[in-house]
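*Asks:* Position one of the sequence shown corresponds to residue 249 (this note's numbering), numbered consecutively onward.
Each residue gets a CB set at the ideal place from its N, CA and C atoms; glycine is no exception.
Mind having a look at this structure? Questions to follow.
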Amino acid sequence: MIPRSHPRYLSLATRDAIVKGVENGVTSIHGLIAHGRGEAFDYLIGEKTRAFAKEAIRAAAVMLLKAKRPVISVNGNVCALVPKEMVTLAKRLNAPLEVNIFHASKRREAAIKKALREAGAKNVLMPTRKAKLPFIDHNRKWVNPEGIAKADIVFVPLEDGDRCLALRKSGKKVVTIDLNPLSRTAKTANVTIVDNIIRALPLLNQEIEKMQRNTAAMRMSKYNNKSVLKRAEQEMRKSKE
Ligand code: ATP
């Protein structure tokens with residue numbers, strides 16, 4: 249048990265959640281490495297949601313609210329860290345959650361579905377052999393014909409670059425959360441929120457709720473993902489004295 253008084257309580261508790269995800273069969277052991285990479289970048293932004301992330305969150309909220317068929321893609325790390333917030337997002341957008349993992353495992357796909365159901369999800373789509381995302385070879389090409397296959401916008405946090413590119417080449421818009429502003433995913437997505445998913449997702453849900461209450465707030469100001477990524481990178485490269 250990590251004491252709440254520990255100065256890095258949240259970071260350690262998050263690490264515990266990922267380890268628990270591996271133990272419960274939700275997260276792949278490779279997910280630990282992806283998490284470690286994320287932690288390093290989080291350190292460089294002071295483990296806080298910065299202005300460039302807030303701007304991307306607003307753009308993401310507008311884009312997701314304007315979508316005709318949004319779909320929310322869930323992998324093992326996301327499911328271990330923020331299952332309830334993903335369910336909240338799905339409910340707010342009236343969008344399905346779709347399980348999609350890099351390392352093929354029927355058992356892990358089922359464990360993710362179960363965890364999402366336990367977190368309150370009603371509609372969890374599974375990958376099928378009936379629909380295939382083009383421009384990609386590995387396990388992630390298998391999608392659900394009622395989900396990602398038909399989506400106009402896919403929310404894919406903590407994604408790998410190949411799949412993000414395949415989604416974009418298929419004509420879909422992509423919104424992601426990725427702490428690494430240099431990743432292929434970050435550069436390929438239409439909107440990249442450079443922040444830890446544990447902080448960014450509750451903020452995205454709040455922003456969407458606010459816009460649903462007051463649609464005037466939904467106006468999209470000029471958004472430039474490239475410049476947001478540049479600002480994130482500059483912030484990280486600044487010396488931390
Ligand atoms: P790419 O293929 O896009 O160049 P990659 O090979 O690093 O990136 P993965 O190993 O799949 O892709 O890692 C997923 C990404 O998620 C990494 O960029 C990592 O920084 C980021 N990440 C990990 N944990 C978190 C988190 N908690 N919040 C936000 N981003 C995270």
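1. Below 7 Å between beta carbons: does that hold for Arg467 and Ala399?
2. Could I get the ranges of all uninterrupted beta strand (DSSP E) runs contained in the segment 375 to 435, with 3 residues as the minimum, in chain order?
3. Locate the beta strand (DSSP E) running through Val322, then write down its first and last residues.
4. Note down, in chain order, each residue of its chain lying with its Cβ closer than 7 Å to the Cβ of Ala315, except the 5 sequence neighbours on either side.
5. At a threshold of 6 Å, does Ser321 count as lining the ligand ATP (C-beta to nearest heavy atom)?
6. How many Å lie between Thr463 and Ile305 at the Cα?
7. Around the Cβ of Gly286, are there at least 16 other Cβ atoms within 10 angstroms (buried) or fewer (exposed)?
8. Within 6 Å: the Cβ of Ala282 and any heavy atom of the ligand ATP?
9. Please give the ranges of any alpha helix (DSSP H) in the segment 323 to 359, keeping only runs that are unbroken, at least 4 residues long and fully inside the region.
10. Counting along the chain, where does the alpha helix (DSSP H) carrying Val442 start and finish?
11. Taking the alpha-carbon positions, what's the Ser276 to Pro393 distance?
12. Assign Val372 to one of three DSSP states: helix, strand, or coil.
*Replies:* This is what the structure gives:
1. It is not a contact, given that the beta carbons lie outside the stated cut-off.
2. Segments of the beta strand (DSSP E) lying fully in the segment 375 to 435: 401 to 403, 421 to 425.
3. First-last of the beta strand (DSSP E) with Val322: 318 to 322.
4. Taken in chain order, the residues that qualify are Asp400, Ile401.
5. No, the Cβ of Ser321 stays beyond 6 Å of every heavy atom of the ligand ATP.
6. It is roughly 16 Å from the alpha-carbon of Thr463 to the alpha-carbon of Ile305.
7. Result: buried.
8. A distance criterion of 6 Å places the beta-carbon of Ala282 in contact range of the ligand ATP, judged by its closest non-hydrogen atom.
9. Qualifying alpha helix (DSSP H) stretches, in chain order: 324 to 329, 331 to 341.
10. Careful: Val442 lies outside any alpha helix (DSSP H) and carries neither H nor E.
11. Each residue's alpha carbon lies about 25 Å from the other.
12. Assigned with DSSP and collapsed to three states, Val372 falls in strand.
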